[in-house]
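Counting from 1, one number per residue, gives the positions in the sequence shown under the working numbering. The beta carbon of each residue, even a glycine, is placed where N, CA and C say it ideally should be. Written below as structure tokens is the structure these notes are about.
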Amino acid sequence: MSSNEEKPLRAIILYDSRSIGGSTDRLIDAIGRELVATGAYVEKAKCRAMADYSFVRDFDIVILGAPVYYLVVSSQLLGALVQSNLKKCLRGKKIALFLTCGSPEPMALTLYLPQLKVHLVRNRILSEKIFAPHQMDDPDAVADFVDEIGEEYEKAVSNKRSRSNGLQWSDEALEMLNSMPSFFSNKIRAALETYAKQNGITLITPEVLDEARSSPMGL
Ligand SMILES: Cc1cc2nc3c(=O)[nH]c(=O)nc-3n(C[C@H](O)[C@H](O)[C@H](O)COP(=O)(O)O)c2cc1C
């Protein structure tokens, strides 16, 4: 994973857990190893509610995660989002979220994950994952999480590149593009942008996609 052609992508895992060497510690080490295997530079830091989080500005991706204890996401991570400058330092950051817990996923998505997401309404969430007890030591579950982070990061970065080209994508068109596998969406993106430029179009919408598909040159 790289943030551009020269520099490796920089990711930090900010986490909390009451346990030392427990399931969350093992999980973040596995996530870290998987990220490093993709070429990323990775650090981890255990949260304190009152700390200075200015250092997160140096990272391209921030992964936030913690266990749930008695229905509440572990307190130092939640505390950091409420009491410190963490939320401010996360502005504009691409974020991935995970929780470790014993509850079924629907319950965790409804009751626990919103405790973090309510603080991150303006952030791009690349991936969110609930790790059930049987998944915490499962290399496939970790690899899926890291793959999704990488794919969504690439999409977010290439969307930004398009915007800086002077071309705008409507939310509906971006949603269509982002729902495609990245290999396919990259080709469609490039073809549509060429079509838009050739035809003086500055806003790419689903209608432009239809128009380009039915044009004599196709996509
Ligand atoms: C004291 C305690 C309370 C817990 N409360 C909950 C809970 O309310 N909901 C839940 O889904 N899991 C709960 N769990 C399960 C933990 O979230 C899960 O085991 C997690 O992986 C623990 O992480 P750790 O090993 O880093 O401490 C609880 C576990 C403990 C030890």
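Nearest-angstrom Cβ-Cβ length linking residue i and residue j, presumed shorter than 8 Å
i	j	result
V73	L116	6 Å
I149	I61	7 Å
G65	I28	7 Å
S179	T205	Incorrect: roughly 15 Å between the Cβ atoms, too far for contact.
T38	M1	4 Å
E211	S182	Not a contact, Cβ separation roughly 24 Å.
A141	Q135	4 Å
Range of the contiguous alpha helix (DSSP H) that encloses residue i
i	result
F55	F55 -> no alpha helix (DSSP H), and no H or E assigned at all.
P114	113-117
A80	75-83
I188	182-198
C89	86-89
Residue interval of the beta strand (DSSP E) (run including residue i)
i	result
G65	61-69
A108	Per DSSP, A108 belongs to no beta strand (DSSP E) and is neither H nor E.
I31	Counting along the chain, I31 falls outside any beta strand (DSSP E), though it belongs to the alpha helix (DSSP H) covering 23-37.
R124	124-131
I174	The identity of residue 174 in the sequence shown is Leu, whereas the question assumes Ile. Careful: L174 lies outside any beta strand (DSSP E), inside the alpha helix (DSSP H) at 171-178.
A40	Careful: A40 lies outside any beta strand (DSSP E) and carries neither H nor E.
L99	94-100
R10	10-15
Cutoff 6 Å; reference residue i; Cβ partners in own chain excluding five residues on either side
i	result
I130	L99, E105, A108
I125	I95
R57	C89
A173	I204, T205, P206
P139	none
S185	L177
L77	D16, C47, A66
Contacts around residue i, its chain only, beta-carbon distance under 8 Å, and the 5 residues preceding and following it disregarded
i	result
V82	A49, H119
S54	N85, C89
Y153	M1, L9, D60, I61, K94, L126
V208	A173, L192, Y195, A196, I201
L111	L71, S103
D52	S84, N85
Close beta carbons around residue i, own chain, < 7 Å, minus the five adjacent residues each side
i	result
K46	Y15, D16
K87	L81, H119
R26	M136, D137
Q198	none
V36	V42
Contact test: residue i Cβ vs ligand 2 heavy atom, cutoff 7 Å
i	result
L192	Ligand 2 is not part of this structure, which contains only ligand 1.
Given residue i as reference, the closest of the options once Cα atoms are compared
i	options	result
T202	G166, L97, N186	G166
R10	R18, T110, N186, K44	K44
Y70	Q168, S103, V121	S103
D137	L192, N199, A30	A30
C101	L113, E152, Q198	L113
A238	E172, S215, A156, E152	Within the shown structure, residues of the chain are numbered from 1 to 219, placing residue 238 beyond reach of any answer.
S75	A212, R18, V142, L209	R18
N123	L77, I63, A51	I63
L145	K7, G22, G32	It is worth fixing the name first, because residue 145 is Phe in this sequence and not Leu. Nearest C-alpha to F145: G32.
R147	R26, V42, F184, E34	Reading off the sequence, residue 147 comes out as Asp, not Arg. The option with the nearest alpha carbon to D147 is E34.
I12	Q198, Y41, R91	Y41
K155	P133, K187, R91	K187
L97	R91, E128, V36, P133	E128
So which residues put a beta carbon under 6 Å from any heavy atom of ligand 1, going in chain order?
In chain order, the residues that have a beta carbon nearer than 6 Å to some heavy atom of ligand 1 are S17, R18, S19, G22, S23, T24, P67, V68, Y69, Y70, L71, T100, C101, G102, S103.
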